[in-house]
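Position 304 (the sequence shown) corresponds to 304 in the UniProt record's numbering; numbering is contiguous.
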Amino acid sequence: MTSSTVEHTPAERMSLRAALIERIGGYMTAHAIGLTAELGLADLIKDGVRDSAELAAETRTHEPSLRRLLRMLAAVGITSEPEPGRFALTEVGAQLRSDSPDSLRAFARMFCHPSLFSAWQGLGHAISSGERAYDHVFGKEFYAHLSEQPELSALFNEAMGEESRIAAGQLAAGYDYSGFKKVVDLGGGDGTLLAAVLPGNPHLRGVVFDSASGVAEAPGVVAAAGVADRCEVMAGDFFQDIPTDGDLYVIKSVFQDWGDEDSRALLRSVRAQMPDAATLLIVGTVLPETSSPEFPIMFFTDVNMLVNTGGRERTESEFRAMLEDTGFTVRAVRLGAAGPLSFIEAVPGEAR
Numbered sequence: 001m002t003s004s005t006v007e008h009t010p011a012e013r014m015s016l017r018a019a020l021i022e023r024i025g026g027y028m029t030a031h032a033i034g035l036t037a038e039l040g041l042a043d044l045i046k047d048g049v050r051d052s053a054e055l056a057a058e059t060r061t062h063e064p065s066l067r068r069l070l071r072m073l074a075a076v077g078i079t080s081e082p083e084p085g086r087f088a089l090t091e092v093g094a095q096l097r098s099d100s101p102d103s104l105r106a107f108a109r110m111f112c113h114p115s116l117f118s119a120w121q122g123l124g125h126a127i128s129s130g131e132r133a134y135d136h137v138f139g140k141e142f143y144a145h146l147s148e149q150p151e152l153s154a155l156f157n158e159a160m161g162e163e164s165r166i167a168a169g170q171l172a173a174g175y176d177y178s179g180f181k182k183v184v185d186l187g188g189g190d191g192t193l194l195a196a197v198l199p200g201n202p203h204l205r206g207v208v209f210d211s212a213s214g215v216a217e218a219p220g221v222v223a224a225a226g227v228a229d230r231c232e233v234m235a236g237d238f239f240q241d242i243p244t245d246g247d248l249y250v251i252k253s254v255f256q257d258w259g260d261e262d263s264r265a266l267l268r269s270v271r272a273q274m275p276d277a278a279t280l281l282i283v284g285t286v287l288p289e290t291s292s293p294e295f296p297i298m299f300f301t302d303v304n305m306l307v308n309t310g311g312r313e314r315t316e317s318e319f320r321a322m323l324e325d326t327g328f329t330v331r332a333v334r335l336g337a338a339g340p341l342s343f344i345e346a347v348p349g350e351a352r
């Protein structure tokens, strides 16, 4: 029986309409959360209950309008309104605090940034042509655009560090490093991952490897973790030259940025330069073979890559084929080993 043949009561029909309308209005919620992050409202509310008039004075905003924004946020579970005109943070909204260990304030600011909203206006172009919408809208690819805007680039790096923080802790706890001496984090960004891994593995040395802009904040991050003496920060192009003396190479949340051709080129580069006895550990999203409402963020990210970078998320079978084509043998796949992220462990083999 299809959905069009199901008989519904008027109340059920209204509920179905409301469900679709809420999804249509998703961009409104995103704009509201992005502005909340920009204004620092979560930092001002903190653990208490604040009056909208006080918040308006501190943010130099129009109080009646700010109150309407805060009510909307309460309707979607970011704030609560225990008394008329007085607002608190929910546990979800508390993640917008900059001092939260689970902060996603920079992530919200980045993904609600006007440049990304503009790129998504080109979704139709991406779907009809298969080309990156970002290039179509801005006339240049995403990372080239970032390199020209230092503030946006710094925000992007901070957002990626926030996104990695919890997964990095799970990766540190969920993988056995006892058999390795030197781990190389390819595309390691600000060093969040190795800052989580190295403290609990005092025998291990590390290298954070990324572009010059990508590793700009890494020295401070690894120093704050107390592992600067065991962690080298290197700038370079992993399509060209990578450190050749590691015995564990980690690539986390990188392949989603690239299409199949570039991903295979990266894997061939790694395979050609890593020692034959080394291990490759891919950490990232592995899509289920069929989609379902159980995994919405994975599929959001997949289309976001289509829009902005030309990359994609992949299924286990797609990862296996890509690795085998480029000279690797898959040794193990652990789905959900780091929360929403999975582990794919591979060793050098023969290219097909």
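The C-beta atom is built at its ideal place from N, Cα and C for all residues, glycine as well.
Sheet register partners of residue i (DSSP bridge)
i           : result
residue 131 : None, per the DSSP bridge assignment.
residue 234 : 209
residue 314 : 286
residue 344 : 282 and 333
residue 186 : 209 and 251
residue 328 : 348
residue 338 : 341
CB of residue i within 8 Å of CB of residue j, strictly
i           : j           : result
residue 361 : residue 100 : Since the displayed the chain opens at 1 and closes at 352, residue 361 lies outside it and no answer follows.
residue 87  : residue 80  : yes
residue 343 : residue 283 : yes
residue 311 : residue 329 : no
residue 186 : residue 242 : yes
residue 218 : residue 208 : yes
residue 215 : residue 222 : no
residue 316 : residue 302 : no
residue 73  : residue 106 : no
residue 281 : residue 175 : yes
residue 198 : residue 225 : yes
residue 401 : residue 279 : Only positions 1 to 352 of the chain appear in the structure, and residue 401 is not among them; the question remains open.
residue 231 : residue 200 : no
residue 9   : residue 39  : no
residue 368 : residue 189 : Nothing about residue 368 can be reported from this structure: the residues present for the chain run from 1 to 352 only.
residue 30  : residue 306 : no
residue 290 : residue 256 : no
residue 212 : residue 169 : no
residue 57  : residue 96  : no
residue 298 : residue 287 : yes
residue 309 : residue 264 : no
residue 345 : residue 331 : yes
Boundaries (first-last residue) of the alpha helix (DSSP H) holding residue i
i           : result
residue 107 : 105-111
residue 11  : 10-24
residue 45  : 41-45
residue 143 : 142-147
residue 297 : 296-308
residue 258 : No alpha helix (DSSP H) holds residue 258; DSSP gives it neither H nor E.
residue 198 : Residue 198 -> no alpha helix (DSSP H), and no H or E assigned at all.
residue 59  : 52-59
residue 225 : Segment: none, residue 225 is in no alpha helix (DSSP H) and carries neither H nor E.
residue 118 : 114-120
Cβ distance (whole Å) where residue i is taken to contact residue j below 8 Å
i           : j           : result
residue 235 : residue 210 : 7 Å
residue 266 : residue 258 : 7 Å
residue 252 : residue 193 : 6 Å
residue 156 : residue 146 : 6 Å
residue 103 : residue 148 : Wrong, their Cβ atoms sit about 27 Å apart, outside the cutoff.
residue 61  : residue 77  : About 22 Å; that fails the 8 Å criterion.
Residue i, enclosing beta strand (DSSP E) - first and last residue
i           : result
residue 167 : Where residue 167 is concerned, there is no enclosing beta strand (DSSP E), although the alpha helix (DSSP H) it sits in stretches over 150-174.
residue 75  : Premise fails: residue 75 lies in the alpha helix (DSSP H), 63-75, not in any beta strand (DSSP E).
residue 82  : 79-83
residue 249 : 248-252
residue 88  : 86-89
is_contact[residue i, chain C] using C-beta, thresh 8 Å
i           : result
residue 305 : Within the model displayed, chain C is absent; a lone protein chain is all it includes.
Report task. Inspect the CB distances between the stretch 111-119 and the stretch 141-159 and report whether three or more fall short of 8 Å. Result -> Here the stretch 111-119 lies against the stretch 141-159, with 3 or more beta-carbon pairs under 8 Å apart.
Query raised in the report: Between the stretch 244-252 and the stretch 173-181, are three or more C-beta pairs nearer than 8 Å?
Result: Result yes; three or more Cβ-Cβ pairs closer than 8 Å.
Requested in this report: Could you say if the stretch 47-58 and the stretch 123-138 meet the contact criterion of at least three C-beta pairs nearer than 8 Å?
Outcome: Contact between the stretch 47-58 and the stretch 123-138 is absent, because fewer than three Cβ pairs lie under 8 Å.
Query raised in the report: When the Cβ atoms of the stretch 115-124 are set against those of the stretch 64-72, are three or more pairs found closer than 8 Å?
Result: With fewer than three CB-CB distances shorter than 8 Å, the stretch 115-124 does not count as touching the stretch 64-72.
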